[in-house]
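Residue numbers (the working numbering), protein chains in the order written: chain Y, -7 to 305; chain D, 339 to 682; chain X, 594 to 901. For each residue, glycine too, the CB sits at the ideal point set by N, CA and C. All values reported here derive from a predicted model rather than from experimental measurement.
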């Protein structure tokens, strides 16, 4: 809540005119958007399901050995396409690797790339959106045209071209290339959302009031405009995280993402494709893990967005 | 006024001698996740033919909800009419099946709303929105309904009606838009017109024009008019009777001059006193301290008691004050109305 | 209106040059041995080297090369792929297939999205709505790299409901499964936008007025609400058509459909620079033109926008 709002609320003192003897309603406490949103979130079952899934996936990415005892790189062609066994719950793939172990260890690359790419997009989007929205004028015009250009090429195409370009050295696993690709292409929606929130917040009275009190641009941006614009931005980022994880898998599937001996769900799905009539498990299990992970992040973003949307009250 | 015979089923029970509109003990509540809001708690109104009744009150006192309940256009859920009768010429509208109720709307009782820009559909022309009434309710052809629409626009004094019939709502000014709404309401020659804050969104000069137009149209068409407003100035010229609402109840009801001259309820009195007057120059503005109660949490006894300077112990406990008969055609829900009358 | 059109066309031109330049730069700039890159992994004779240098103006500065390329584009010469075929010819072969697939996909997706979205919007919070929300969430999250191979596996190979691939001469029926898969990319957002739009319009003041006019519920929703609600959805569908035409790479790859995406992807894989740049340039144009048409459509649908 900004200073002006806090002052106005304090002066209203809703509790005072209640008849004597009746308890003061708990809901008469000053409410903030974040507080209201958290209240709604807490009661949302989808939010909790998503949150639990996300935590599980994050743990899997951080500590894969907790979940799988096998070694994903311990492959032996003699075990090619064998069925499930005691330690290899999902059987073996066409190279004789433990499908379960590969799937569990694949989480790390997906999550790491997803998070780093989203952070990159977030920073770019924040800076561009905030500047464009706040300063307006020619800066806004240039940035908006630049966004148009980046969006002029369909996303997947641009990602493929860029990823191919960045990962010219066949030796390294391509994590940096994919992260930069996704980061440099995914910031546009976040920037636009930030820009429109900032433009809306900028014209509010409380900003004019703060400016009258002598606040400079930096303070205005940081303390008054940003906190009120941040909610939609965060929501976009959460959903972008899910999209990035899916896109990394897509790029790896197409052969322009992670490569070498990196372990990734996309690579696993791609490799399992030709042999699917012989063994379906190597295709199915990475697919399921990927789908559930993306689902969890998008569900999370959805729930957060619904909670922050005042129109749905 | 009109040469078209209304093609409505004769409603069973229609009583030509009953008052035009009689609302008895109406209760409306809204069930939300934060509790039950008691928007209307026992409202009573009466409207005679060609009479103008003004319903006066602050925001949130239940006046709009009452109007919507009469029309039957409450959002259900979360709004529910839990008790009471709304009798149009003797027939209780609340007990009618929806398809019959629908026929009463626009044909017998019509309503206009506050913000004409949002109340009109932005993607259809004004002509379309007017003629649809004739096409749907009277089965008229496109040609004929278009002619009637132009005619209506002329009646509400919109210049160049013929060319404006193809314009969209956003192409009209505020006052013109309100006239379009009035035209829409009067299209089927209703007997009762409910105007929910028709001039609140307009500036003062336009307000006067619209009120004048309403008064003229009412006279010409012999309609009953219910005017809902929070603006005491607007009401004085036009109304015959005033009902003052507070927290969902009618706290005072009287002919217009009596209320302005000698209010019998502390709330009405406080409202009148809070109107700034030129001869009060230099003095402190008089306000009613406190706030209207949250409708989920209405005080026991008389709802106004926390803000009332006449309040005594009896006011703070149930039962709430009944409508005392102050004079042959006046009531006031206050145990101490005599004191209020005496204080001048 | 005219000024708006001019402004948009200028924007389009700017975006076109900007986007194609970026793609061109990414493909060709700063290569250690551009000739080798052009040839992929094949060895080159000196004679070929000279010929390639001449044809692609490799002895001239980079921007000049771009200029030659653009000149060619604007006169309709999209260049020649490293495989020797003219790119315009390859495009002409691949384009109709992709259009067929994309149109089928959009028809399926839009029908489902509109029907289910309107019903969900009207009965918000009901059983149908909740089920639809869950389903859209799942579809939204299922990456195409999961959906395409899995549906091919389940519906094509295991259940035999559909043929698992759809080549050039395949009957329309063979395109249904890939069209559904492709449509899944857009159906979820279209449904949600419809639902949100319907819900928001149901709460509008003009709905109250329409009811006060004694109109039946069917007319209030069918005539008044729908016309307003569909505006954002129709424009979204337009944009989606553009997206589907250019985003079908994975679907075409999995189902072996020789469309634009399939060819493009092969070109990227084989490092066929001219093909990549040529195809992407054409796709950018298509994309931009579709977006422009959609913007104009918006003005047609919403009378409030016409007078800018």
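Please list, in chain order, the chain X residues whose beta carbon lies closer than 9 Å to that of residue i.
i             : result
residue 52/Y  : None at all; the shortest Cβ gap to chain X is about 17 Å.
residue 102/Y : Per Cβ cutoff of 9 Å: no residues; residue 102/Y is ~11 Å from chain X at best.
residue 241/Y : 736, 738, 739
residue 453/D : 798
Do residue i and residue j have their C-beta atoms within less than 8 Å of each other?
i             : j             : result
residue 288/Y : residue 42/Y  : yes
residue 145/Y : residue 873/X : yes
residue 891/X : residue 802/X : no
residue 456/D : residue 799/X : yes
residue 292/Y : residue 47/Y  : no
residue 507/D : residue 435/D : no
residue 409/D : residue 709/X : no
residue 179/Y : residue 136/Y : no
residue 63/Y  : residue 99/Y  : no
residue 702/X : residue 787/X : no
Taking only the alpha-carbon atoms, compute the straight-line gap between residue i and residue j and give it to the nearest angstrom.
i             : j             : result
residue 482/D : residue 475/D : 13 Å
residue 793/X : residue 228/Y : 21 Å
residue 386/D : residue 428/D : 12 Å
residue 336/Y : residue 715/X : Lying outside -7 to 305, the shown extent of chain Y, residue 336/Y is not represented and no answer is given.
residue 881/X : residue 839/X : 12 Å
residue 668/X : residue 597/X : 27 Å
residue 675/D : residue 604/D : 8 Å
residue 605/X : residue 888/X : 12 Å
residue 699/X : residue 403/D : 45 Å
residue 362/D : residue 622/D : 40 Å
residue 608/X : residue 394/D : 59 Å
residue 467/D : residue 416/D : 28 Å
residue 720/X : residue 822/X : 22 Å
residue 644/D : residue 473/D : 53 Å
residue 296/Y : residue 739/X : 26 Å
residue 251/Y : residue 259/Y : 8 Å
residue 18/Y  : residue 636/D : Because the pLDDT at residue 18/Y is just 41, under 50, the model does not fix this residue reliably, and the value given afterwards should be weighed accordingly. If I take the Cα positions, the gap works out to 16 Å.
residue 504/D : residue 510/D : 11 Å
residue 170/Y : residue 811/X : 52 Å
residue 820/X : residue 446/D : 28 Å
residue 627/D : residue 638/D : 19 Å
Mind pulling the chain X residues with CB within less than 7 Å of residue i?
i             : result
residue 449/D : 805
residue 411/D : 801, 804, 805
Residues of chain D with CB closer than 8 Å to the CB of residue i, please, in chain order.
i             : result
residue 723/X : Going along chain D, no residue has its Cβ under 8 Å from residue 723/X, so there is no contact; the nearest lies around 17 Å.
In the DSSP assignment, find the alpha helix (DSSP H) that holds residue i and state where it starts and stops.
i             : result
residue 380/D : Counting along the chain, residue 380/D falls outside any alpha helix (DSSP H), though it belongs to the beta strand (DSSP E) covering 373 to 385.
residue 473/D : 464 to 476
residue 777/X : 769 to 795
residue 137/Y : 129 to 144
residue 151/Y : 147 to 158
residue 867/X : 866 to 894
Could you name the residues of chain X that residue i contacts, counting a contact when the two beta carbons are closer than 8 Å?
i             : result
residue 457/D : 798, 799, 801, 802
residue 153/Y : 616, 619, 620, 861, 869, 873
residue 506/D : 896, 897
residue 444/D : 805, 806, 807
residue 261/Y : 738, 739, 742
Locate the beta strand (DSSP E) running through residue i, then write down its first and last residues.
i             : result
residue 422/D : 417 to 426
residue 581/D : 579 to 584
residue 662/D : 662 to 665
residue 367/D : 359 to 370
residue 330/D : No statement about residue 330/D is possible, as the shown extent of chain D runs from 339 to 682 and does not include it.
residue 449/D : 447 to 450
For a contact defined as C-beta to C-beta under 7 Å, what are the partners of residue i on chain Y?
i             : result
residue 858/X : 246
residue 612/X : 141, 144, 145
Which chain D residues are close to residue i, counting only those with a beta carbon under 7 Å from its beta carbon?
i             : result
residue 808/X : 474
residue 817/X : 459
Using a Cβ cut-off of 9 Å, pull out every chain D residue sitting near residue i, in sequence order please.
i             : result
residue 812/X : 470, 474
residue 821/X : 459, 460, 461
> So does the stretch 85 to 95 of chain Y actually touch the stretch 56 to 75 of chain Y, counting three or more Cβ pairs closer than 8 Å?
Replying inline: A contact is defined here as three or more CB-CB pairs under 8 Å, and the stretch 85 to 95 of chain Y meets this definition with respect to the stretch 56 to 75 of chain Y.
>> Tell me whether the stretch 768 to 782 of chain X and the stretch 833 to 853 of chain X touch, counting them as touching only if at least three CB pairs, one residue from each stretch, are closer than 8 Å.
In response: Yes, they touch.
> Is it a yes or a no for the stretch 856 to 874 of chain X touching the stretch 670 to 681 of chain X, going by three-plus beta-carbon pairs under 8 Å?
Replying inline: In short, these stretches touch, since the Cβ pair count reaches three.
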